[in-house]
Amino acid sequence: MAVDGGHRNSGCDWDGRWNHVRKFLERPGPFTHPDFEPSTESLQFLLETCKILVIGSGGLGCELLKNLALSGFRLIHVVDMDTIDVSNLNRQFLFRPKDVGRPKAEVAADFVNSRIPGCKVVPHFKKIQDFDESFYRQFHIIVCGLDSIIARRWMNGMLISLLSYEDGILDPSSIIPLIDGGTEGFKGNARVILPGMTACIDCTLELYPPQINFPMCTIASMPRLPEHCIEYARILQWPKEKPFGDTSVDGDNPEHIQWMFERAQERASEFNITGVTYRLTQGVVKRIIPAVASTNAVIAAACATEVFKIATSAYIPLNNYLVFNDVDGLYTYTFEAERKENCSACSLVPQDLQFPSSAKLQEVLEYLTENAALQMKSPAITTTLEGKNKTLYLQVIYVIFDKLGLSDGQELAVADVTTPQTVLFKLNFTA
Ligand SMILES: [Zn+2]
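Here the numbering used here is used: the first residue of the sequence shown is 1, the next is one more, and so on.
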């Protein structure tokens with residue numbers, strides 16, 4: 001589509017093109033926002049001004065881009081660092097076999113732009129961490145279709161860092177709404193986050209269960225499930241028997257999986273366990289949770305609807321967490337996730353660390369990674385000692401605080417992949 005300054009969209013808006021959207025925006029109704037006044041301006045805002053950022057162009061991302069573009073959003077950026085794999089093609093419907101190996105963001109953008117006249121999706125084949133505040137600040141709304149909790153938390157932290165406060169009062173114009181969708185097999189959720197106002201990702205971190213690992217004693221001595229037998233082969237037999245030399249298990253190597261599968265079968269027959277298959281073996285080794293196209297479609301639809309509601313102010317947005325589950329029958333409900341008073345990401349409250357002065361740095365590191373409300377991945381701690389900034393390196397993790405010269409009330413700055421900002425902690429000695 002030719003672009004000429006100022007009249008970019010003229011010529012492609014044929015008669016009746018947006019009738020489906022106009023029905024929502026240009027007439028009153030019993031379900032509209034109490035302050036809503038029908039007008040033609042909302043549609044113009046969608047078509048010409050509203051700038052949306054979609055994070056991820058995989059299972060959810062393809063659905064989101066299609067839904068948003070067909071709802072009238074035209075200025076859409078999409079960020080994705082992945083390239084297309086053949087296994088994506090069953091559900092990531094903007095991709096074709098010829099696209100395998102190409103960047104998802106670019107192919108998705110090309111597809112939507114060529115199919116939906118006037119739409120201008122701008123792809124970024126990059127990581128979210130490659131962009132700074134000035135990039136994120138340009139968007140009205142950000143939608144996440146991610147499969148990584150770390151990336152979600154980073155994005156959440158970025159939007160919180162954009163907030164500006166004056167005398168402790170949040171400036172509402174600094175808020176960029178975040179719509180977050182997530183799916184896992186037949187389960188999904190969609191949520192609306194107004195950073196600084198409603199519960200953020202870190203406020204509800206306890207909702208994300210830690211990765212399932214089977215207890216070692218079960219794997220080693222009393223397996224009950226086929227998965228236990230596969231884990232036995234992977235964790236105990238592989239390193240002992242070294243069937244392929246010193247290489248570690250490669251989930252994409254069929255010989256490795258075949259070996260693991262056979263060992264797991266032997267183990268299973270010993271304990272009269274059924275259900276070990278080649279496919280399950282690969283699933284356990286690669287920690288695959290099957291992606292379900294219909295779950296993605298439902299969650300992306302909910303997210304795109306929320307973007308539409310917030311962008312137009314025509315309807316009251318979701319408040320604020322929708323759960324969807326069709327593992328067995330179909331179940332869905334909505335609840336209001338609450339802000340956590342001392343959330344390490346959005347509360348502005350300094351975080352307390354309570355340790356005896358005889359504790360070791362290692363204990364702090366374990367606390368930061370294992371605490372359900374923090375779940376950091378590889379925290380790096382710096383502090384000020386004798387007036388100098390000092391990084392507390394791995395070498396000192398077994399040294400007790402007294403020896404390090406840390407004192408009661410000491411501030412520790414912690415950097416981690418889960419946040420773009422450093423988190424400040426105050427060390428309180430308990431004894
Ligand atoms: Zn929070």
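Idealized CB from N, CA, C, for every residue including glycine.
It should be emphasised that the depicted structure is a prediction, and the values quoted were computed from it without experimental measurement.
- prompt: Which residues does DSSP pair with THR446 in a beta bridge?
  reply: Past the boundaries of the shown model lies residue 446; the chain is included only from 1 to 431, so the question cannot be answered.
message: Just to confirm before moving on: does the CB-CB distance between ASN320 and THR198 stay below 8 angstroms?
response: Taking the sequence shown and counting its residues from 1, the one referred to as residue 320 is at position 320. Taking the sequence shown and counting its residues from 1, the one referred to as residue 198 is at position 198. Yes, these two residues count as a Cβ contact at 8 angstroms.
- prompt: Less than 7 angstroms between the CB of SER42 and some heavy atom of ligand 1, yes or no?
  reply: Taking the sequence shown and counting its residues from 1, one reaches residue 42 at position 42. Checking every heavy atom of ligand 1 against the Cβ of SER42, none is found closer than 7 angstroms.
Span separating the alpha-carbon of HIS497 from that of LYS360: Residue 497 is absent from the structure shown; the chain starts at 1 and stops at 431.
Inter-stretch contact (C-beta, 8 angstroms, three-pair minimum) for the region 67 to 81 and the region 102 to 118: Result yes; three or more Cβ-Cβ pairs closer than 8 angstroms.
task: Whole angstroms is fine: what's the gap from ARG8's alpha carbon to ASP82's?
output: Here residue 8 corresponds to residue number 8 of the sequence shown, with the count starting at 1. Here residue 82 corresponds to residue number 82 of the sequence shown, with the count starting at 1. In this prediction, ARG8 has a pLDDT of 47, which is less than 50 and means its spatial position is unreliable; nothing more can be read from the coordinates.
query: Given a threshold of 16 other Cβ atoms within 10 Å of its Cβ, counted over all protein chains shown, does GLN282 qualify as buried or as exposed?
result: Indexing the sequence shown from 1 puts residue 282 at position 282. By the 10 Å Cβ count, GLN282 comes out buried.
message: Using only the alpha-carbon positions, how far apart do ALA2 and LEU47 sit?
response: As a position in the sequence shown, residue 2 is number 2, starting the count at 1. As a position in the sequence shown, residue 47 is number 47, starting the count at 1. Confidence at ALA2 is low in this model, with a pLDDT of 43, below 50, so the placement of that residue should be treated as unreliable; the coordinate-derived value is given next. Cα to Cα, the separation comes out at about 16 angstroms.
Cβ separation of ARG74 and GLY145, assumed to be a contact under 8 angstroms, to the nearest whole Å: What you label residue 74 is simply residue 74 of the sequence shown in a count that begins at 1. What you label residue 145 is simply residue 145 of the sequence shown in a count that begins at 1. For a cut-off of 8 angstroms, the C-beta gap from ARG74 to GLY145 is around 19 angstroms, too long to register as a contact.
message: Between LYS388, ASP246, THR49 and PHE186, which has its C-alpha nearest GLY329's C-alpha?
response: On the sequence shown, residue 329 is found 329 positions in, with the first residue counted as 1. Residue PHE186 is the option with its Cα nearest to GLY329.
message: If you reduce the DSSP assignment to three classes, tell me which class PHE139 lands in.
response: Mapped onto the sequence shown, residue 139 falls at position 139. Correct three-state label for PHE139: coil.
message: If I measure Cβ to Cβ from LEU177 and keep anything under 6 angstroms in the same chain, skipping five residues before and after, which residues do I get?
response: Here residue 177 is taken as the residue at index 177 of the sequence shown, counted from 1. In the sequence under discussion, the amino acid at residue 177 is Pro, which differs from the Leu named in the question. Here the set comprises ILE141, LEU194 and ILE310.
message: Using a Cβ-Cβ cutoff of less than 7 angstroms, which residues in the same chain neighbour ILE235 once the five nearest sequence positions on both sides are dropped?
response: Position 235 of the sequence shown, counted from the first residue, corresponds to residue 235. Within the same chain, ILE235 has close Cβ partners ILE219.
Inter-residue Cα distance where the pair is ALA415 and THR383: Against the sequence shown, residue 415 aligns to sequence position 415. Against the sequence shown, residue 383 aligns to sequence position 383. Cα-Cα distance, rounded: 11 angstroms.
query: Which one or two residues does DSSP pair with PHE355 in a beta bridge?
result: Numbered from 1 along the sequence shown, position 355 holds the residue referred to as residue 355. The partner list for PHE355 (beta bridge, DSSP) reads PHE429.
field: Segment contact flag, the region 225 to 235 with the region 270 to 284, C-beta cutoff 8 angstroms, min 3 pairs
entry: Yes, the region 225 to 235 touches the region 270 to 284.
- prompt: In chain order, what residues of the same chain lie with their CB nearer than 7 angstroms to the CB of THR334, ignoring the 5 residues before and after it?
  reply: As a position in the sequence shown, residue 334 is number 334, starting the count at 1. LEU318, TYR321 and LEU322.
task: Return the CA-CA distance between VAL417 and SER378, expressed in angstroms with no decimal places.
output: By one-based count along the sequence shown, residue 417 stands at place 417. By one-based count along the sequence shown, residue 378 stands at place 378. So the two alpha carbons sit approximately 7 angstroms from each other.
message: If the criterion is Cβ atoms closer than 8 angstroms, does the pair ARG152 and ILE201 meet it?
response: The residue you call residue 152 lines up with position 152 of the sequence shown. The residue you call residue 201 lines up with position 201 of the sequence shown. Judged by beta-carbon spacing, ILE201 lies within the 8 angstroms limit of ARG152, meaning their Cβ atoms are closer than that value.
task: May I have all residues whose beta carbon comes closer than 5 angstroms to any heavy atom of ligand 1, sorted in chain order?
output: Residues flagged by the Cβ proximity filter: CYS200, ASP202, CYS203, CYS343, ALA345 and CYS346.
- prompt: At which residue ranges does the region 290 to 327 contain complete alpha helix (DSSP H) runs of 4 or more residues, listed in the order of the chain?
  reply: Qualifying alpha helix (DSSP H) stretches, in chain order: 293 to 312.
Residue burial classification, ILE288 (beta-carbon count within 10 angstroms, cutoff 16): Walking along the sequence shown from the start, residue 288 turns up at place 288. Exposed: under 16 other Cβ atoms inside 10 Å.
message: Nearest by alpha-carbon distance to CYS346: which of THR422, LEU385 and VAL399 is it?
response: Within the sequence shown, residue 346 is the residue found at index 346, counting from 1. With distances taken between Cα atoms, CYS346 lies closest to THR422.
field: Between the CA atoms of ARG267 and LEU65 - distance to the nearest angstrom
entry: In the sequence shown, residue 65 corresponds to position 65, counting from 1. In the sequence shown, residue 267 corresponds to position 267, counting from 1. For the pair LEU65 and ARG267, the Cα-to-Cα distance works out to about 47 angstroms.
task: Count the other C-beta atoms from every protein chain shown that fall within 10 angstroms of the C-beta of PHE500, then say buried if there are 16 or more, exposed otherwise.
output: This structure leaves residue 500 out entirely; the chain is present only between 1 and 431.
message: Count Cβ pairs between the region 91 to 99 and the region 52 to 70 that sit closer than 8 angstroms; are there 3 or more?
response: Touching, yes, given that three or more Cβ pairs across the two stretches are closer than 8 angstroms.
Local Cβ density within 10 Å of SER358, reported as buried at 16 or more and exposed below that: Along the sequence shown, read from residue 1 onward, the residue named residue 358 stands at position 358. With fewer than 16 Cβ atoms within 10 Å of its Cβ, SER358 is classed as exposed.
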